[in-house]
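Right, one structure below, let's go through it.
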Amino acid sequence: MHGVANALIMTFAFSNGFLPLLTARALGRRMNGALLHGGFWLLLVGVILAGWKLTTNEASVLYTAYAPLQAHWIYYLGLVLVVLSTYCAAANLFVTLHGWRKDNPGERIPLLAFVSVATYAMWCIASFGIATSFIGFLLPWSMGILQRTDPLLNRTLFWFTGHAIVYFWLLPAYISWYALLPKQNGGKLISDSLTRVVFILFLILSVPTGFHHQYTDPGITTTMKAMHAVLTFGVFYPSLATAFSVVAALEIGGRANGGRGLVGWIGRLRWSDPSVAAQLLAMFTFVFGGITGLINASYTVNQVVHNTAWIPGHFHMTVGSAVALTLMGIAYWLIPYLTDRRLWGRKLALWQAWIYTIGVLIMARGLISGGLQGMPRRTFMAEATYTAEGWRLAGALTAVGGTLMTIGALLFFVVLVMTLLAGKKGEGPKDIPWSETLTAPARTGWELRLDNIWLWVAVAILLVVIAYAPFAISYLPPHLVSPGFRVF
Amino acid sequence: MSTAIVQDTSGFALPPEQNRLIRWTIYIGYFALTAGVAHGLAQALSYADINILQYFPASAATIRA
Chain A
58 MHGVANALIM TFAFSNGFLP LLTARALGRR MNGALLHGGF WLLLVGVILA GWKLTTNEAS
118 VLYTAYAPLQ AHWIYYLGLV LVVLSTYCAA ANLFVTLHGW RKDNPGERIP LLAFVSVATY
178 AMWCIASFGI ATSFIGFLLP WSMGILQRTD PLLNRTLFWF TGHAIVYFWL LPAYISWYAL
238 LPKQNGGKLI SDSLTRVVFI LFLILSVPTG FHHQYTDPGI TTTMKAMHAV LTFGVFYPSL
298 ATAFSVVAAL EIGGRANGGR GLVGWIGRLR WSDPSVAAQL LAMFTFVFGG ITGLINASYT
358 VNQVVHNTAW IPGHFHMTVG SAVALTLMGI AYWLIPYLTD RRLWGRKLAL WQAWIYTIGV
418 LIMARGLISG GLQGMPRRTF MAEATYTAEG WRLAGALTAV GGTLMTIGAL LFFVVLVMTL
478 LAGKKGEGPK DIPWSETLTA PARTGWELRL DNIWLWVAVA ILLVVIAYAP FAISYLPPHL
538 VSPGFRVF
Chain B
86 MSTAIVQDTS GFALPPEQNR LIRWTIYIGY FALTAGVAHG LAQALSYADI NILQYFPASA
146 ATIRA
């Protein structure tokens, strides 16, 4: 429930709403109404179906849905509808951009629209794996149409999507850090072209990395795993470029606000604005999330941390804070903007961001140290029949940190609900906080090619074929060997 | 020379119906977050041998089964 609700549904729903809004604003065009309606209803029905089976314990397959664990077919159907809702959002962005280009021949795509469309283009390629797994195998298997399924192939299809999905969660946060947060701090984005290059690199490199989640799986050659390991380190480059670019944009703002010295500008960022504070703290936790991610991706070191509590320690500092806390920070201007209501409880919102951050750092410390001592993940430890001395402190830190995170999340809901109920009407922001770039987009030269998104999509697909074809050739056809199991 | 990252700097607002759909799409996400946070607390506490999951609907269904 935790992983499905927070990592899949929350992030997908936010992207389905947020990125079309940014694209519409960037292009100055309304969206396609039918696709907006379609996306909303598919998401709603999908969430109801999946939630129904989760809350009645008929979908105890965890968020990775690994076969041969088997859930009720309605659960798989619900998640298929949720993914289809993202396709509606993607189609809406593509259609809207197409219309804009027809009306503005030869114009550079506004940066805010470009990064939003590139994000959904990446997702359309990435989701091929999970769509094939759910529609081609898991759904017919759970309905009894297929008697057996192929666990390894389904795991491979899941991780085809599973690493790139991290970027589908992360890129809306990156978009805010690049395109909105500088404005909120009085700064400016350094480079239009660098930003486009970063998002193109994510589009190209996010998908052919999945085998680094399967280092311990049989049936995949060492060469293929090593190749994906190298590509995983490749996709770290655009994240590093993001770190330098975003920090530079923030530094411009900090110095414009009176900051001096090597680090004095940091204190002059607008920490009193809860939207800003939440996102700055999210970036801070992401430093540790990124570093631990590199350890996960290392072929040999991964053996030490694989399937231990280290892994949730890592991803609570990425999706659990870099993404979640950024989405909360965005909500502090987005919900007032969408409802034209003033944010209720700014100080409470500030407390929320700090409490959540302190909580996630304590919890991650517990999970990571426990993981290094062999504390397992995917295990309900309160009912485990075994323990180890070194897990006690790690477990206590995890519980304390998790409780603080929950308090932080509850404060977020209080601020949100009270804004809807008691926020002063007519006092919401009148526009989104879009930034400026220091340099204008080039009008001539090679940079014009950056806007050819379909060219980059083709490159991305080519790289995916190179990265997965050897496995497909050696492994297919599917080995339908396993019946379904339900362990609790 | 600074340049805007949107085409029209003077402002643009979606029609109210589209604004409403986007808002409710995002609300679905927050609703899911609520459920997920509750389960997340149960999982975090389990590391300290505290079991609150037994009071959750899915666990109750397991016990009945």
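As they're listed, the protein sequences go chains A and B.
All letters in the first sequence, in the order written, are residues 58 to 545 by the numbering used here.
All letters in the second sequence, in the order written, are residues 86 to 150 by the numbering used here.
All residues carry an ideal CB built from backbone N, CA and C; glycine is no exception.
Please read these numbers as outputs of a predicted model, since none were measured by experiment.
Close-in-space but distant-in-sequence residues of the same chain around H363/A (CB under 8 Å, 5 per side omitted)
Indexing the first sequence from 1 puts residue 363/A at position 306. Closer than 8 Å at Cβ, skipping near neighbours: Y272 and T273.
Let me check one thing: in DSSP terms, what residues is R105/B bridge-paired to?
In the second sequence, the residue the question calls residue 105/B occupies position 20. Bridge partners of R105/B: none, in fact.
Tell me which same chain residues have a C-beta within less than 8 Å of the C-beta of G452/A, skipping the five on either side of it?
Here residue 452/A corresponds to residue number 395 of the first sequence, with the count starting at 1. Cβ within range, chain order: G423, G427, M432 and M438.
Between the region 351 to 358 of chain A and the region 194 to 206 of chain A, do three or more beta carbon pairs fall short of 8 Å?
no
How big is the Cα-Cα spacing for L154/A and L138/B?
As a first step, residue 154/A is located in the first sequence; it is residue number 97 there, counting from the start. As a first step, residue 138/B is located in the second sequence; it is residue number 53 there, counting from the start. If I take the Cα positions, the gap works out to 47 Å.
With 9 Å as the limit, tell me which residues of the region 315 to 349 of chain A have their beta carbon closer than that to any beta carbon of chain B; keep them in chain order.
If the cut-off is 9 Å between Cβ atoms, the region 315 to 349 of chain A has nothing near chain B.
Contact check, S332/A vs G386/A under 8 Å by CB: the rounded distance?
Counted from its first residue, the first sequence places residue 332/A at position 275. Counted from its first residue, the first sequence places residue 386/A at position 329. Correct: roughly 5 Å between the Cβ atoms.
Where does A150/B land, buried or exposed, given buried means 16+ other C-beta within 10 angstroms?
By 1-based counting over the second sequence, the position of residue 150/B is 65. The pLDDT assigned to A150/B is 47, lower than 50, so where the model puts this residue is not dependable; a value taken from the coordinates is nonetheless given after this. Exposed, since its Cβ has fewer than 16 Cβ neighbours within 10 Å.
Suppose contacts are defined by Cβ-Cβ distances below 9 Å. Is A70/A in contact with L100/A by that definition?
As a first step, residue 70/A must be located in the first sequence, where it is residue number 13. As a first step, residue 100/A must be located in the first sequence, where it is residue number 43. For A70/A and L100/A, yes; Cβs fall inside 9 Å.
With DSSP collapsed to three states, give me the class of E308/A.
Within the first sequence, residue 308/A is the residue found at index 251, counting from 1. Note: E308/A maps to helix in three-state DSSP.
According to DSSP, what are the bridge partners of P433/A?
Position 376 of the first sequence, counted from the first residue, corresponds to residue 433/A. Partner(s): T365/A.
The region 98 to 111 of chain B: positions lying closer than 8 Å to chain A by Cβ
Listed by position, the residues of the region 98 to 111 of chain B near chain A (Cβ gap below 8 Å) are L99, P100, E102, Q103, N104, L106, I107, R108, W109, T110 and I111.
Neighbour-count burial assignment, Q336/A, 16 or more Cβ in a 10 Å radius
Along the first sequence, read from residue 1 onward, the residue named residue 336/A stands at position 279. With 16 or more Cβ atoms within 10 Å of its Cβ, Q336/A is classed as buried.
Give me the chain B residues within the contact set of E493/A, using Cβ-Cβ distance strictly less than 8 Å, ordered along the chain.
By 1-based counting over the first sequence, the position of residue 493/A is 436. Neighbours of E493/A on chain B, chain order: S87, T88, A89 and I90.
Under 9 Å, do T143/A and S184/A count as touching if we go by C-beta distance?
Looking up residue 143/A in the first sequence gives position 86. Looking up residue 184/A in the first sequence gives position 127. Yes; because the gap between Cβ atoms is below 9 Å, this pair is in contact.
Residue span of the alpha helix (DSSP H) that contains R158/A, given as start and end:
As a working note, residue 158/A is residue 101 in the first sequence. Start and end: W130 to D160.
Ordered list of alpha helix (DSSP H) runs contained in the region 383 to 469 of chain A, each at least 4 residues:
Within the region 383 to 469 of chain A, the complete alpha helix (DSSP H) segments at least 4 residues long are 403 to 429, listed from N- to C-terminus.
Identify which residue in A410/A, L395/A and T278/A has its Cα closest to the Cα of Y356/A.
Position 299 of the first sequence holds residue 356/A. Looking at the Cα atoms, T278/A is the closest of the given residues.
Would you mind reading off the limits of the alpha helix (DSSP H) that contains K110/A?
Sequence index remark: in the first sequence, residue 110/A carries index 53 (1-based). That run of the alpha helix (DSSP H) goes G90 to T112.
Can you tell me which of I182/A, S117/A, L150/A and L210/A puts its alpha carbon nearest to the alpha carbon of H536/A?
Position 479 of the first sequence, counting from 1, holds the residue named residue 536/A. Per the Cα distances, L210/A.
Between S131/B and chain A, is there a C-beta pair that is closer than 9 Å?
Residue mapping note: residue 131/B aligns to position 46 of the second sequence, counting from 1. It does; some Cβ of chain A falls within 9 Å.
Residue from T365/A, Y224/A and I105/A with nearest C-alpha to S263/A
What you label residue 263/A is simply residue 206 of the first sequence in a count that begins at 1. Considering only T365/A, Y224/A and I105/A, the residue with the shortest C-alpha distance to S263/A is Y224/A.
Measure the Cβ-Cβ separation of A175/A and V139/A and say whether it is below 9 Å.
In the first sequence, residue 175/A corresponds to position 118, counting from 1. In the first sequence, residue 139/A corresponds to position 82, counting from 1. Against a cut-off of 9 Å, the Cβ pair of V139/A and A175/A comes out as no contact.
Considering only C-alpha positions, which residue in the set A515/A, P498/A and L473/A is nearest to Y112/B?
Taking the first residue of the second sequence as 1, we reach residue 112/B at position 27. If we check each option's Cα against that of Y112/B, L473/A comes out closest.
Taking 6 Å as the limit between beta carbons, can you name the residues of its chain near Q409/A, skipping five residues before and five after?
Indexing the first sequence from 1 puts residue 409/A at position 352. Hits under 6 Å: G465, L468 and F469.
Is it buried or exposed, G311/A, if we count other Cβ atoms within 10 angstroms and call 16 or more buried?
Counting from one through the first sequence, the residue named residue 311/A turns up at place 254. Buried, since its Cβ has 16 or more Cβ neighbours within 10 Å.
How would you label G402/A, buried or exposed, when you count the other beta carbons within 10 angstroms and need 16 or more for buried?
Here residue 402/A refers to the residue found at position 345 of the first sequence. So G402/A counts as buried.
With respect to the alpha helix (DSSP H) encompassing R82/A, which residues constitute its N-terminal and C-terminal limits?
Translated into the one-based positions of the first sequence, residue 82/A becomes position 25. R82/A -> alpha helix (DSSP H) spans T68 to L84.
Neighbouring residues, chain B, relative to I66/A (Cβ below 7 Å)
To locate residue 66/A, count along the first sequence from 1; it is residue 9. Simply G114 and A117.
Check this for me: beta carbons of I309/A and K245/A, under 9 Å apart or not?
What you label residue 309/A is simply residue 252 of the first sequence in a count that begins at 1. What you label residue 245/A is simply residue 188 of the first sequence in a count that begins at 1. It is a contact, given that the beta carbons lie within the stated cut-off.
Closest residue to E484/A among R399/A, V457/A and T444/A (Cα-Cα distance):
Taking the first residue of the first sequence as 1, we reach residue 484/A at position 427. The shortest C-alpha separation from E484/A is found at R399/A.
Which value, in whole angstroms, describes the spacing of the CA atoms of Q204/A and G276/A?
Reading the first sequence from its first residue, position 147 is the one you call residue 204/A. Reading the first sequence from its first residue, position 219 is the one you call residue 276/A. The straight-line gap from Cα to Cα measures roughly 22 Å.
Could you name the residues of chain B that L84/A contacts, counting a contact when the two beta carbons are closer than 9 Å?
Taking the first sequence and counting its residues from 1, the one referred to as residue 84/A is at position 27. By Cβ distance, chain B contributes V91, Q92, D93 and F97.
Where do the ends of the alpha helix (DSSP H) carrying A133/B lie?
Translated into positions along the second sequence, residue 133/B becomes position 48. From DSSP, A133/B is part of no alpha helix (DSSP H); its letter is neither H nor E.
Taking 9 Å as the cut-off, decide whether the C-beta atoms of Y120/A and F191/A are in contact.
As a working note, residue 120/A is residue 63 in the first sequence. As a working note, residue 191/A is residue 134 in the first sequence. Cβ distance not < 9 Å, so Y120/A and F191/A don't count as in contact.
For S263/A, name the three-state secondary structure that DSSP assigns.
For the purposes of this step, residue 263/A is taken as the residue at position 206 of the first sequence. Looking at S263/A - three-state DSSP - the assignment turns out to be coil, as it is neither helix nor strand.
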